[in-house]
Amino acid sequence: MENNLTINNTGNNFSHIKLSYITTFYFNQNDNSTLTDLLRKYTSYSPAILDYIQFIFIDDASPSQISIPEDINLNILLIRINHDIPWNQPGARNLGMVYARSDKVIITDIDHEMTEHSLLTMINHKNPGRTIYKMKRVDSELKPCKPHPNTFLMSRSRFLRLHGYDEEFCGHYGFDDAMFWRWQRYHGTRFLYLPKDCYTIVRQSNKVKDHSLKRDLDHNRGIAERKRQEWKKYGPNAGHSRQFLNFTWTTKMDRIRKTHLPPPAINKSWTSTWIFRWLMPAK
16 MENNLTINNT GNNFSHIKLS YITTFYFNQN DNSTLTDLLR KYTSYSPAIL DYIQFIFIDD
76 ASPSQISIPE DINLNILLIR INHDIPWNQP GARNLGMVYA RSDKVIITDI DHEMTEHSLL
136 TMINHKNPGR TIYKMKRVDS ELKPCKPHPN TFLMSRSRFL RLHGYDEEFC GHYGFDDAMF
196 WRWQRYHGTR FLYLPKDCYT IVRQSNKVKD HSLKRDLDHN RGIAERKRQE WKKYGPNAGH
256 SRQFLNFTWT TKMDRIRKTH LPPPAINKSW TSTWIFRWLM PAK
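16 is the number of the first residue of the sequence shown in my numbering; add one for each residue after it.
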């Protein structure tokens, strides 16, 4: 009897996914090598890692159409937002979370790279629950630098339970990550760091930047201050607009990695022990 589960690009079973990796991008410089170079790097990693990761790339309405080479053998979901909304990272991250096939999610920027050890650590890590894990960061020469403010390992369910990123910040630059962090913290989310040997690498390039959008904090600074005052005055149900996915999108690719997986572990007692899980305190 065959002991391996064959997964190919005609299948639709994603129960083996243990980690969803979400990153967003906006390329308006007619150069998407930042994405393809990253994928080439990850393709070289061990199948024992790549078999269990779903890569979600959100194209935030780049002026040119983005394609991924056919020889990239990864679990890839490529989604394109149809509306070119400036600084739409909150909306793009919310969209990525909706499509995550694992409750355990790492979300980061396109100019950051994870080592094999870091990805394996996150695959084997317990579900984050109400903890959001940050990561140490190094530069391209592996020298320590300031941790990235919006690289998070977190639970998809908790992210959505607290309404995700506030899309009222979309259209202008700044404060979306800082206010997301504070919103989570005020609701009891704990922030910890993954082990020191689990880090992200800043990817350096001599090429032009991926986009030429202006960074002006003035508009969103006023929104952020208003929300802070609403938190202080009205409590936990205020200060978040609940704006969510105010745009349309198109799935451009849903590629399933061609591989052979071991069968799932036998667990014949799971259905008969439901009463114990029912009696446990809700998380």
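Every residue gets a Cβ at the ideal spot worked out from N, C-alpha and C, and that includes glycine.
Item: Same chain, Cβ closer than 6 angstroms to G254, five either side skipped, listed in chain order; Value: K242, E245 and W246
Item: Beta carbon of I64 nearer than 8 angstroms to that of I121; Value: no
Item: Unbroken beta strand (DSSP E) run spanning E128, endpoints; Value: H127 to M129
Item: Beta-carbon spacing of Y188, D118 below 8 angstroms; Value: no
Item: Beta-carbon proximity of L135 to W264, cut-off 8 angstroms; Value: no
Item: Segments assigned alpha helix (DSSP H), at least 4 residues, entirely inside the region 218 to 292; Value: 233 to 249
Item: 8 angstroms contact criterion, which R152 and H140 should meet: CB distance rounded; Value: Going by Cβ atoms, the distance from R152 to H140 rounds to 18 angstroms, so no, they are not a contact pair.
Item: L260 to H234 span [Cα, whole Å]; Value: 21 angstroms
Item: 8 angstroms Cβ cutoff met for I238 and F190; Value: yes
Item: Assumed close pair F72, L93 - CB separation to whole angstroms, cut-off 8 angstroms; Value: 5 angstroms
Item: CB contact flag (M150, Y67, <8 angstroms); Value: no
Item: Inter-residue spacing [alpha-carbon to alpha-carbon] between R55 and F70; Value: 13 angstroms
Item: Run of the beta strand (DSSP E) containing S170, from where it starts to where it stops; Value: F167 to S170
Item: Contacts around D154, its chain only, beta-carbon distance under 8 angstroms, and the 5 residues preceding and following it disregarded; Value: C160, I216, V217 and Q219
Item: Neighbourhood of Y201 by C-beta distance below 6 angstroms, restricted to the same chain and skipping five residues each side; Value: none
Item: W293 to L228 span [Cα, whole Å]; Value: 50 angstroms
Item: Under 8 angstroms between C-beta atoms of S35 and A115; Value: yes
Item: CB-CB length for G186 against W102, believed under 8 angstroms; Value: 6 angstroms
Item: Under the three-state DSSP convention, the category P105 falls into; Value: helix
Item: Coarse secondary structure for T145, derived from DSSP in three states; Value: Going by the sequence as given, residue 145 is Arg instead of Thr. Note: R145 maps to coil in three-state DSSP.
Item: Coil, strand or helix - S133 by DSSP; Value: helix
Item: Buried or exposed by the 16-neighbour rule on C-beta atoms within 10 Å, applied to Y57; Value: buried
Item: Reference D212; option with closest CA among T130, F29, M194 and E183; Value: T130
Item: Which of helix, strand or coil DSSP assigns to D118; Value: coil
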